[in-house]
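A short worksheet on the structure shown next.
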């Protein structure tokens, strides 16, 4: 809570008041709306697209069917449409998982895991 001193009327003593926090909702953090894995076929240079609002940074992790980490990297942003271009081949891609971790400017995070079919 924030306290402030102010005068109610000119010439009167200062009165200490307590101001309640405003009812403005706190920053909700990143909003992962959609992850498109249709163009990911397990090859190098395949692209994974994401629509994410209110994010400053997006990290993409790709896991094998067995759960091992295949690759991790940063996505690129173009007007809330983020894209990640793969760098490592994944021959067992059906059933692999893609983990999206979005972070906003205040450090709030949102996470979404998608299974590639």
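In our numbering, the protein residues as written are 40 to 156. We put the CB at the ideal spot given by N, CA and C, even for glycine.
Test item: CB-CB of residue i and residue j under 8 angstroms
i           : j           : result
residue 110 : residue 98  : no
residue 125 : residue 71  : no
residue 130 : residue 155 : no
Distance between beta carbons of residue j and residue i, contact taken as under 8 angstroms
i           : j           : result
residue 117 : residue 69  : With 8 angstroms as the limit, residue 117 and residue 69 do not qualify as a contact, their Cβ atoms being about 16 angstroms apart.
residue 135 : residue 103 : 6 angstroms
Residue i versus residue j: straight-line alpha-carbon distance, rounded
i           : j           : result
residue 67  : residue 143 : 9 angstroms
residue 153 : residue 74  : 8 angstroms
residue 150 : residue 80  : 22 angstroms
residue 123 : residue 76  : 10 angstroms
residue 106 : residue 121 : 24 angstroms
residue 78  : residue 145 : 32 angstroms
residue 94  : residue 115 : 11 angstroms
Residue-level contact to chain D via CB, residue i, 8 angstroms cutoff
i          : result
residue 93 : In the displayed structure, chain D is absent; only one protein chain is listed.
Closest Cα partner of residue i within the set the options
i           : options      : result
residue 119 : 96, 145, 76  : 96
residue 241 : 85, 115, 156 : Nothing about residue 241 can be reported from this structure: the residues present for the chain run from 40 to 156 only.
Does the count of Cβ pairs from the region 84–98 and the region 133–144 closer than 8 angstroms reach three?
yes
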